[in-house]
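Undergrad: Structure provided below as structure tokens; questions to follow.
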Amino acid sequence: MNVANTSSRILNIDIYNSTQEKLLKELTRGIVFTPNIDHLVQLQENELFYRAYKQADVILLDSQVLFYLYRLVGKHFQEKITGVDFFPEFCRYHAKDSRIKVFLLGGLDDSVYRAGERLNQELGRSLVVGSYSGKKGFENDEMESQKIINLINQSQANVLAVGIGSPQQELWIAKYKSQLPEVNIFFAVGGTFDILSGKRKRAPRWMQKAGLEWFYRFMLEPRRLFKRYFITDLNFFYYFLLERLRIYKNPFGETL
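Number 256 marks the last residue of the sequence shown (our numbering); no jumps.
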């Protein structure tokens, strides 16, 4: 999918800048990643993560904070499109298209299986043709990854959603996509399976619209998320300032 004419640059990546409705109609193949502020910081520090992102065909703006921040400085994105919203909508959009077959690859618990069951129940057909919960650290285990690849290929799925957290999910997709010839669309979906399975609730709608969903998640898991939100992610505003002063440089050498 070519989105060159519908993208806007933030730091060292090009973000899709159109509507979810348009993307649902046009997305027939490609890799879909959904960066938030934490991703943008990692993209300045982790070259492997950056190289994985360079393979993405569609990069969505998954942050209301970024949406408002860039609007303040005159860069208008048409919509914030989160992964946790877009992937289920993609499934609903193709509910009656029997050609679409989805495989879900998740982490340690059984959320991925329940997410698949709930999606199929909602849609009234077996759109999700397979699910697998990988063992801890499987993204670095070649034997386990090959087992997963065989399962996906045997399922005849042509859409793969990987939800094991970042940067693991993006790196896994970038490394193994060539071994999945039948898969046309790859999604990195983060914690989407937890939401779809009912294990975890989304923030109230007003918090989502106000750009406070991150704070809602922090209140649920303060120990795990304190460092990310209040130390690591603050580095973004340094890079943002460099960008506004027109002195930002891609740390990995590529020019804008």
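Glycine included, each C-beta is placed from N, C-alpha and C at the ideal position.
In this text, all values refer to a predicted model and were calculated from it rather than measured experimentally.
#1: Rounded C-beta distance between THR232 and VAL73? I'm assuming under 8 Å.
#2: Going by DSSP in three states, TYR248 sits in which element: helix, strand or coil?
#3: How would you write the range of the alpha helix (DSSP H) that ARG217 sits in, first residue to last?
#4: Report all residues from its chain with a CB closer than 6 Å to the CB of ASP14; omit the five preceding and five following residues, and keep chain order.
#5: Let's test the definition: count the other Cβ atoms within 10 Å of the Cβ of PRO222 and tell me whether it reaches 16, buried, or not, exposed.
#6: Less than 9 Å between the C-beta atoms of GLY163 and GLY190, yes or no?
#7: What are the boundary residues of the alpha helix (DSSP H) that SER98 is part of?
#8: Report yes or no: is there a C-beta of chain B within less than 9 Å of the C-beta of LEU242?
#9: DSSP beta-bridge partners for ALA115?
#10: Which parts of the region 28-55 are runs of the beta strand (DSSP E), unbroken and 3 residues or longer, counting only runs that do not cross its ends?
#11: Going by other Cβ atoms of all chains shown within 10 Å of its Cβ, with 16 needed for buried, is TYR68 buried or exposed?
#12: CB GLN20 to CB GLU122, shorter than 9 Å?
#13: What first and last residue would you give for the alpha helix (DSSP H) that runs through LEU171?
#14: Of all the options LYS147, LEU151, ARG92 and ASN250, which has the alpha carbon lying nearest to the alpha carbon of LYS25?
#15: Look at the Cβ atom of LEU66, then the Cβ atom of ILE10, and state whether they are nearer than 9 Å.
#16: How big is the Cα-Cα spacing for PHE187 and LEU241?
#17: CA-CA distance, SER145 and TYR132?
#18: Going by Cα to Cα distance, which pick from ILE195, LEU225, GLU182 and ASN46 is closest to ARG99?
#19: Do you know offhand how far ARG51's Cα is from ASP38's?
#20: Select from ILE152, GLY124 and GLY211 the residue whose C-alpha is nearest the C-alpha of ASN36.
#21: Name the one or two DSSP bridge partners that GLY107 has.
#22: Taking the DSSP output, what are the residues bridged to GLY137?
#23: What does the alpha-carbon distance come out to for the pair GLY83 and GLN44?
#24: Which term fits GLY107, buried or exposed, when burial requires 16 or more other beta carbons within 10 angstroms of its beta carbon?
TA: According to the structure shown:
#1: Looking up residue 232 in the sequence shown gives position 232. Looking up residue 73 in the sequence shown gives position 73. Between THR232 and VAL73 the beta-carbon gap is near 23 Å, outside 8 Å, which marks them as no contact.
#2: Position 248 of the sequence shown, counted from the first residue, corresponds to residue 248. In the displayed model, TYR248 falls within coil according to three-state DSSP, outside both helix and strand.
#3: Sequence index remark: in the sequence shown, residue 217 carries index 217 (1-based). Unbroken alpha helix (DSSP H) run through ARG217: 213-220.
#4: Sequence index remark: in the sequence shown, residue 14 carries index 14 (1-based). The residues are SER7.
#5: Working through the sequence shown from its first residue, we reach residue 222 at position 222. By the 16-neighbour rule on beta-carbons within 10 angstroms, PRO222 is exposed.
#6: The residue you call residue 163 lines up with position 163 of the sequence shown. The residue you call residue 190 lines up with position 190 of the sequence shown. Cβ distance < 9 Å, so GLY163 and GLY190 count as in contact.
#7: Counting from one through the sequence shown, the residue named residue 98 turns up at place 98. From DSSP, SER98 is part of no alpha helix (DSSP H); its letter is neither H nor E.
#8: The chain labelled as chain B is not found in the depicted structure, where only one protein chain is given.
#9: For this step, residue 115 is matched to residue 115 along the sequence shown. DSSP lists no beta-bridge partner residue for ALA115.
#10: Those beta strand (DSSP E) runs which fall completely within the region 28-55 and span 3+ residues are 30-33.
#11: Taking the first residue of the sequence shown as position 1, residue 68 is located at position 68. Residue environment: TYR68 is assigned as exposed (fewer than 16 neighbouring CB atoms within 10 Å of its CB, all protein chains considered).
#12: Your numbering for residue 20 matches position 20 in the sequence shown. Your numbering for residue 122 matches position 122 in the sequence shown. Result no, Cβ atoms of GLN20 and GLU122 do not sit closer than 9 Å.
#13: Start at 1 with the first residue of the sequence shown, and residue 171 comes out as number 171. Secondary structure note for LEU171: its alpha helix (DSSP H) is the uninterrupted segment 168-176.
#14: The sequence position of residue 25 within the sequence shown is 25, counting from 1. Cα-wise, what sits closest to LYS25 is ARG92.
#15: The residue you call residue 66 lines up with position 66 of the sequence shown. The residue you call residue 10 lines up with position 10 of the sequence shown. In contact: LEU66 and ILE10 (Cβ atoms closer than 9 Å).
#16: Counted from its first residue, the sequence shown places residue 187 at position 187. Counted from its first residue, the sequence shown places residue 241 at position 241. Approximately 31 Å, taken between the alpha carbons.
#17: Within the sequence shown, numbered from 1, the residue matching residue 145 stands at position 145. Within the sequence shown, numbered from 1, the residue matching residue 132 stands at position 132. The alpha-carbon of SER145 is positioned some 11 Å away from that of TYR132.
#18: On the sequence shown, residue 99 is found 99 positions in, with the first residue counted as 1. Comparing Cα positions, the closest option is GLU182.
#19: Position 51 of the sequence shown, counting from 1, holds the residue named residue 51. Position 38 of the sequence shown, counting from 1, holds the residue named residue 38. Spanning the two alpha carbons is a distance of roughly 16 Å.
#20: For this step, residue 36 is matched to residue 36 along the sequence shown. From the listed residues ILE152, GLY124 and GLY211, the smallest Cα separation to ASN36 is found for GLY211.
#21: Here residue 107 refers to the residue found at position 107 when the sequence shown is read from its first residue. DSSP output for GLY107 lists no bridge partner at all.
#22: Walking along the sequence shown from the start, residue 137 turns up at place 137. By DSSP's assignment, GLY137 forms no beta bridge with any residue.
#23: Within the sequence shown, residue 83 is the residue found at index 83, counting from 1. Within the sequence shown, residue 44 is the residue found at index 44, counting from 1. Approximately 21 Å between the Cα atoms of the pair.
#24: Here residue 107 refers to the residue found at position 107 when the sequence shown is read from its first residue. Result: buried.
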